[in-house]
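Chemist: Submitted below is the structure of interest, expressed as structure tokens.
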Amino acid sequence: MSIDFDEKVRLFKEFQNKWNLERLKSMTLEEYTSTMLYSNGKRDDFAYWVEILLRNIGNIRGHNGGIGNLKFGICVCSNRKMNIKFKHYYSNNQKYAWLEKYGADKNEQEVFKVIKEKIISIAEASLANDLEKIEEIDFDHLVKWKIAFHYQNISDIKIINIFNKRWLEKIVKEEFGETDLKTYQMYQRILWDKKYSLVDILQKAKDCLKKYDFKDKKKKIAKGEDEKMQQDKNNTPLNQVNQILYGPPATGKTYNIIDRALEILASYDEGLKLPSQEDRKARKELFDEYRQKGQIEFVTFHQSYGYEEFVEGIKPKTDDNGNVVYEVEKGIFKKLCETAGKNLADSQKPQEILQKEAEVNNAILDFFDKHIVEETFFKKAKKVGLA
């Protein structure tokens, strides 16, 4: 649900007061990222403010877990393993996880020091309207520009609250016919030298999003209301995702499916960096990783492939006593639908709830893993007469 401009201005000011430059310089790791709940039942750490409390002034929220959490460089993982391709490390107590580029041989406090220096540099550059310097800082694209937006002079805004690079590229291409610009150049191109107040820029962002229909496009495609096929491959988020690849064997269908599947994923996740087209091995590994996570399924249709395999069917199985029993088994499409439904439900839950659920699931898995190991050991010991 959207909030009006007055409320957005209030939140903007509250953030600047709470997380002013002096507060940033004294900020601790626990203040930067935490799962601690306060008396109001909410978190109050810097990362939570930027991603959740300020989400109505520019959304940067991605998938929960994995790289979605690590876009802030370091996060609380509470013994939960991060299932991501990017190399990362854990603190000795397994409480924190961080991306390799911030310190392979450092502890969590040393890593946080590196990250905090980057956050301070982003804020200082934003206060000085030095967008080119912000561009040069090596930090997650969405988070970097979101932070920079919130440290601007409220009466002289130079960054519009649209942080998705592909959306910015679309706007600049359509409005000015320009491509291959850096992010800070796109902001300069969109706003020129005109002086914008915060309310002015909020209205401009709203107009841009409405004009290019970024938010509603996916809904229209799902409802079958989109009559114009999007041909511009550079605008992947607006492409039709339902496609049929056909042709004789060995004509490149599988090759192209891998590329198309990864492009669709990347269009919705700024944190996903695709290997180059030439690096087929890396692309295939990334494709397989997402298959293991349940976000991609690969199906080869043939003449005998039926509803039972695709959606749901009854299949015979043999129980422990050798009797034939019939069980309803989900097909590949139904499994995908259930996974998508769960992901949607999870995306609407507060991060602290997801954290607790993950901890409970991990505890259950650890219990059963231990039980299986003990049971296997007992059986083997009994076999050789030790039990």
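According to this note's numbering, the stretch in the sequence shown is residues 895 to 1281, in order. Even glycine gets a Cβ: it sits at the ideal position worked out from N, Cα and C.
In chain order, what residues of the same chain lie with their CB nearer than 7 Å to the CB of K1089, ignoring the 5 residues before and after it?
Modeler: Translated into positions along the sequence shown, residue 1089 becomes position 195. Around K1089: D1050.
Chemist: I'd like to know if the stretch 1040-1055 and the stretch 1079-1099 are in contact, where contact means that at least 3 CB-CB pairs between them fall below 8 Å.
Modeler: Taking 8 Å as the limit for Cβ pairs, the verdict is that the stretch 1079-1099 does touch the stretch 1040-1055.
Chemist: Alpha carbon to alpha carbon, what distance is there between E1069 and I1258?
Modeler: Here residue 1258 refers to the residue found at position 364 of the sequence shown. Here residue 1069 refers to the residue found at position 175 of the sequence shown. Approximately 54 Å, taken between the alpha carbons.
Chemist: Fully enclosed by the stretch 1152-1195, which beta strand (DSSP E) runs are 3 residues long or longer?
Modeler: Runs of the beta strand (DSSP E) inside the stretch 1152-1195: none found.
Chemist: Could you pull the start and end residues of the alpha helix (DSSP H) that C1102 belongs to?
Modeler: Counting from 1 along the sequence shown, the entry for residue 1102 is found at position 208. First-last of the alpha helix (DSSP H) with C1102: 1092-1106.
Chemist: Within 8 Å, do at least three Cβ pairs link the stretch 1017-1025 to the stretch 994-1001?
Modeler: Flag = no, the stretch 994-1001 and the stretch 1017-1025 do not touch.
Chemist: With contact counted as at least three CB pairs below 8 Å, one residue from each stretch, are the stretch 1212-1230 and the stretch 1243-1256 in contact?
Modeler: Contact fails: fewer than three Cβ-Cβ distances are below 8 Å.
Chemist: Give the list of continuous alpha helix (DSSP H) stretches no shorter than 4 residues that lie fully inside the stretch 1029-1093.
Modeler: Counting whole runs of 4 or more residues, the stretch 1029-1093 contains the alpha helix (DSSP H) stretches 1035-1044, 1059-1070, 1077-1085.
Chemist: For L1103 and K902, which I take to be in contact (beta-carbon distance under 8 Å), what is that distance rounded to the nearest angstrom?
Modeler: Walking along the sequence shown from the start, residue 1103 turns up at place 209. Walking along the sequence shown from the start, residue 902 turns up at place 8. Going by Cβ atoms, the distance from L1103 to K902 rounds to 14 Å, so no, they are not a contact pair.
Chemist: Sort out for me which residues DSSP pairs K907 with in a bridge.
Modeler: Residue 907 sits at position 13 when you count from the first residue of the sequence shown. DSSP output for K907 lists no bridge partner at all.
Chemist: Under 8 Å, with one C-beta from each stretch per pair, do the stretch 1026-1042 and the stretch 963-970 reach the 3-pair mark?
Modeler: Judged by Cβ distances under 8 Å, the stretch 1026-1042 makes contact with the stretch 963-970, as three or more pairs qualify.
Chemist: Since G1235 is in the alpha helix (DSSP H), which residue starts that stretch and which ends it?
Modeler: Counting from 1 along the sequence shown, the entry for residue 1235 is found at position 341. Note, G1235: alpha helix (DSSP H), 1226-1241.
Chemist: Does DSSP classify W913 as helix, strand or coil?
Modeler: Position 19 of the sequence shown, counted from the start, is the residue given in the question as residue 913. Looking at W913 - three-state DSSP - the assignment turns out to be coil, as it is neither helix nor strand.
Chemist: With three or more C-beta pairs closer than 8 Å as the rule, is the stretch 1054-1066 touching the stretch 1010-1022?
Modeler: In short, these stretches do not touch, since the Cβ pair count stays below three.
Chemist: Classify K1211 as helix, strand or coil using the three-state DSSP reduction.
Modeler: The residue given as residue 1211 occupies position 317 in the sequence shown. Note: K1211 maps to strand in three-state DSSP.
Chemist: I need the boundaries of the alpha helix (DSSP H) containing L1021, first residue and last residue.
Modeler: Here residue 1021 refers to the residue found at position 127 of the sequence shown. 1002-1021 is the span of the alpha helix (DSSP H), which, as asked, contains L1021.
Chemist: So, at 6 Å on beta carbons, what are the nonlocal neighbours of G1118 in its own chain, with the 5 sequence-adjacent residues on each side left out?
Modeler: Counting from 1 along the sequence shown, the entry for residue 1118 is found at position 224. In this prediction, G1118 scores a pLDDT of 44, lower than 50, which makes its location untrustworthy; no coordinate-derived value is stated.
Chemist: Closest Cβ-Cβ distance between S1170 and chain B: below 7 Å?
Modeler: Any reference to chain B falls outside this structure, which holds one protein chain only.
Chemist: If I'm right that Y1078 touches I1028 with Cβ under 8 Å, what's the distance once you round it to whole angstroms?
Modeler: Working through the sequence shown from its first residue, we reach residue 1078 at position 184. Working through the sequence shown from its first residue, we reach residue 1028 at position 134. Contact flag correct, Cβ pair sits at about 6 Å.
Chemist: Where do the N-terminal and C-terminal ends of the alpha helix (DSSP H) with E1201 fall, by residue?
Modeler: Here residue 1201 refers to the residue found at position 307 when the sequence shown is read from its first residue. Just to set this straight, residue 1201 is Tyr in the shown sequence, not Glu. Unbroken alpha helix (DSSP H) run through Y1201: 1201-1204.
Chemist: I need the DSSP call for I1138, collapsed to helix, strand or coil.
Modeler: Working through the sequence shown from its first residue, we reach residue 1138 at position 244. DSSP places I1138 in coil when its eight states are reduced to three.
Chemist: What separation, rounded to the nearest whole angstrom, lies between the Cα atoms of K1209 and F1192?
Modeler: Taking the first residue of the sequence shown as position 1, residue 1209 is located at position 315. Taking the first residue of the sequence shown as position 1, residue 1192 is located at position 298. If you take the alpha carbons of K1209 and F1192, they lie about 21 Å apart.
Chemist: Hey, how far is the Cα of L905 from the Cα of Y983?
Modeler: The residue given as residue 905 occupies position 11 in the sequence shown. The residue given as residue 983 occupies position 89 in the sequence shown. The straight-line gap from Cα to Cα measures roughly 34 Å.
Chemist: So what does A991 bridge to, in DSSP terms?
Modeler: As a first step, residue 991 must be located in the sequence shown, where it is residue number 97. Partner(s): C969, Y984.
Chemist: Am I right that E925 and D939 are in contact with their C-beta atoms under 8 Å? What's the rounded C-beta distance?
Modeler: Here the question's residue 925 lines up with position 31 in the sequence shown. Here the question's residue 939 lines up with position 45 in the sequence shown. The Cβ separation is near 6 Å, so the contact holds.
Chemist: Using the C-alpha atoms, what's the distance from K1147 back to G1141?
Modeler: Reading the sequence shown from its first residue, position 247 is the one you call residue 1141. Reading the sequence shown from its first residue, position 253 is the one you call residue 1147. Distance between the alpha carbons of G1141 and K1147: 7 Å.
Chemist: How would you call L1238, buried or exposed, if buried means at least 16 neighbouring beta carbons within 10 angstroms?
Modeler: By 1-based counting over the sequence shown, the position of residue 1238 is 344. Answer is exposed; the Cβ neighbour count stays below 16.
Chemist: What does DSSP give as the partner residues of V1219 in its beta bridges?
Modeler: One-based indexing of the sequence shown puts residue 1219 at position 325. DSSP, once it has assigned bridges, lists K1211 as partnering V1219.
Chemist: Using CA atoms only, rank isn't needed, just tell me which of S1161, W943, L993 is closest to N911.
Modeler: Indexing the sequence shown from 1 puts residue 911 at position 17. The shortest C-alpha separation from N911 is found at W943.
Chemist: Considering only the beta carbon of each residue, do L1156 and A1017 sit closer than 7 Å?
Modeler: Mapped onto the sequence shown, residue 1156 falls at position 262. Mapped onto the sequence shown, residue 1017 falls at position 123. Cβ distance not < 7 Å, so L1156 and A1017 don't count as in contact.
Chemist: Alpha carbon to alpha carbon, what distance is there between E1011 and Q1003?
Modeler: Stepping through the sequence shown from its first residue, residue 1003 is reached at position 109. Stepping through the sequence shown from its first residue, residue 1011 is reached at position 117. Going by the C-alpha atoms only, they are around 12 Å apart.
Chemist: Classify V1005 as buried or exposed, calling it buried when 16 or more other Cβ atoms lie within 10 Å of its own Cβ.
Modeler: Here residue 1005 refers to the residue found at position 111 of the sequence shown. With 16 or more Cβ atoms within 10 Å of its Cβ, V1005 is classed as buried.
Chemist: By the three-class DSSP mapping on this structure, what secondary structure does Q1197 have?
Modeler: Residue 1197 sits at position 303 when you count from the first residue of the sequence shown. Note: Q1197 maps to coil in three-state DSSP.
Chemist: Using three-state DSSP, classify L947 as helix, strand or coil.
Modeler: On the sequence shown, position 53 is the one that residue 947 refers to. Here L947 sits in helix by DSSP.
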